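K.L.:
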Amino acid sequence: MENGGGDASAAAWRFGAANPAMEAARSQSIRALVYRVYACLDRGDARSVAPLGHGDPAAFACFRAAPAATGAVVAAAASGAHNSYAPAAGIAEACSLCDNAFAGEIPDALHNCTALDVAYLKNNNLDRRRHSTVA
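Quick note on the working numbering: the sequence shown kicks off at -2 and runs consecutively.
Here's what the structure looks like:
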């Protein structure tokens, strides 16, 4: 029952000959590759080196959020004005932006729909256009 088939004599799956480069790459871990790169560094160079494979950008000053962005998030959280779900009908500003963005593509009767409605209509219209051009 190789590969889930009922016939034991069925041929095994064959995905082609093994690529030696891929086989060699498979045998190495990311950590081993990072250490190989570090081994190539000039130890006499005084410049700092960003650690590869670290994964957390918060540890480096060059990846910090702009103070204005951080302040805006803190102010919004501290105000308590944004500690709730959006209304079911959508946020008026978002609806208005979508309404303006797709003004030429959506009938006037639908200009008060939610952002999700706009996305749904937009995708369905694109699907209809694709099918109509093929036929």
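The beta carbon of each residue, even a glycine, is placed where N, CA and C say it ideally should be. All values derive from a computational prediction rather than experimental measurement.
(1) When the Cβ atoms of the segment 63 to 71 are set against those of the segment 80 to 97, are three or more pairs found closer than 8 Å?
(2) For Leu38 and Val46, which I take to be in contact (beta-carbon distance under 8 Å), what is that distance rounded to the nearest angstrom?
(3) Looking at Arg28: is its Cβ nearer than 8 Å to the Cβ of Gly50?
(4) Give me the Cα-Cα distance between Asn16 and Ala22, rounded to the nearest whole angstrom.
(5) Starting from Asp42, trace the alpha helix (DSSP H) in both directions and tell me its first and last residue.
P.N.:
According to the structure shown:
(1) Because the criterion of three Cβ pairs below 8 Å is not met, the segment 63 to 71 and the segment 80 to 97 do not touch.
(2) Leu38 to Val46, Cβ: 6 Å. Contact.
(3) Yes. Within cutoff.
(4) Between Asn16 and Ala22, the C-alpha separation is close to 10 Å.
(5) That residue, Asp42, is in no alpha helix (DSSP H); it is neither H nor E in DSSP.
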